[in-house]
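225 is the number that my numbering gives to position 8 of the sequence shown; each next residue is one higher, with no gaps. All C-beta atoms, glycine included, are put in the ideal place defined by N, C-alpha and C.
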Amino acid sequence: MSRPDYVNPIEWELALSMARSICADVFRKGGTPKDALRTYGVQQTISHPNWQCAIDIIAYSNCASGSSKAQAA
218 MSRPDYVNPI
228 EWELALSMAR
238 SICADVFRKG
248 GTPKDALRTY
258 GVQQTISHPN
268 WQCAIDIIAY
278 SNCASGSSKA
288 QAA
């Protein structure tokens, strides 16, 4: 997934880093990409996500939630 246009490049890299960390932790514990999405609280829209897909979805979700919080403040 490429960086959304409305997201600062630095924010996107931080979101990807955090998502990779979450997925690595779940992977080390023997989990699946679905488990990683569940751990982060993301509603899954893909029936069989792979790890890259899970990382992208978590990063996108992190950026989306951050921008909505910023707009509400």
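As assigned by DSSP and simplified to three states, the class of residue i
i, result
"D222", "coil"
"N267", "coil"
"T256", "helix"
"K251", "helix"
Nearest to residue i (by Cα), restricted to the options the options
i, options, result
"G258", "L231, I239, S264", "I239"
"R245", "R220, W268, Y277, T262", "W268"
Next on the checklist: Does the stretch 247 to 257 come into contact with the stretch 268 to 275, if we say contact requires no fewer than three beta-carbon pairs (one atom in each stretch) closer than 8 Å?
Outcome noted: yes
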